[in-house]
């Protein structure tokens, strides 16, 4: 398959630096500084939205060399094995993460959000305002996911 290159648009800054600390993201306040090549008005209009979807690179995790075998999520033996595309973790092809976050403020090239599960220094590759028409309804998921994620976005 053809490959392509992605250039980050900005960088995350927050008080989280430990990539192994994987829970309690709910109160994490992050500021994303957009690269100056986009100009001071690049975020104009985003302040009218309550949430933004942030696409970022899990750059501090190496890509695995083999994704063929299902593995227990987060390596936990109490969870069922799942294929690489049945999880949202960082050890995945292309290492792309996406999180929907509450917008706290927009100032020039700085966007401050709450609940971004990316450590400080993480490269951001895109931002998309969250629109109700794009959000799914009647989401179904296995019971173990709710159990696993119960502390993920807790403060």
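Numbering (my numbering), first residue to last: 105 to 259. Heads up, the beta-carbon is just placed ideally off N, CA and C, and yes, glycines get one too.
- Looking from the CA of residue 160, the closest CA among 190, 252, 195, 230 belongs to 230.
- Nearest C-alpha to residue 228 among 136, 156, 212, 150: 136.
- Under DSSP, residue 158 forms a beta bridge with 203, 231.
- Beta-bridge pairing by DSSP links residue 113 to no other residue.
- Here the C-alpha atom of residue 224 lies approximately 8 Å from the C-alpha atom of residue 115.
- Within the same chain, and ignoring the five residues on either side of residue 172 in sequence, no residue has its Cβ closer than 6 Å to its Cβ.
- For residue 250, the uninterrupted alpha helix (DSSP H) run begins and ends at 247-252, by DSSP.
- Non-local C-beta neighbours of residue 201 in its own chain, meaning closer than 6 Å and more than five positions away in sequence, comprise 160, 162, ordered along the chain.
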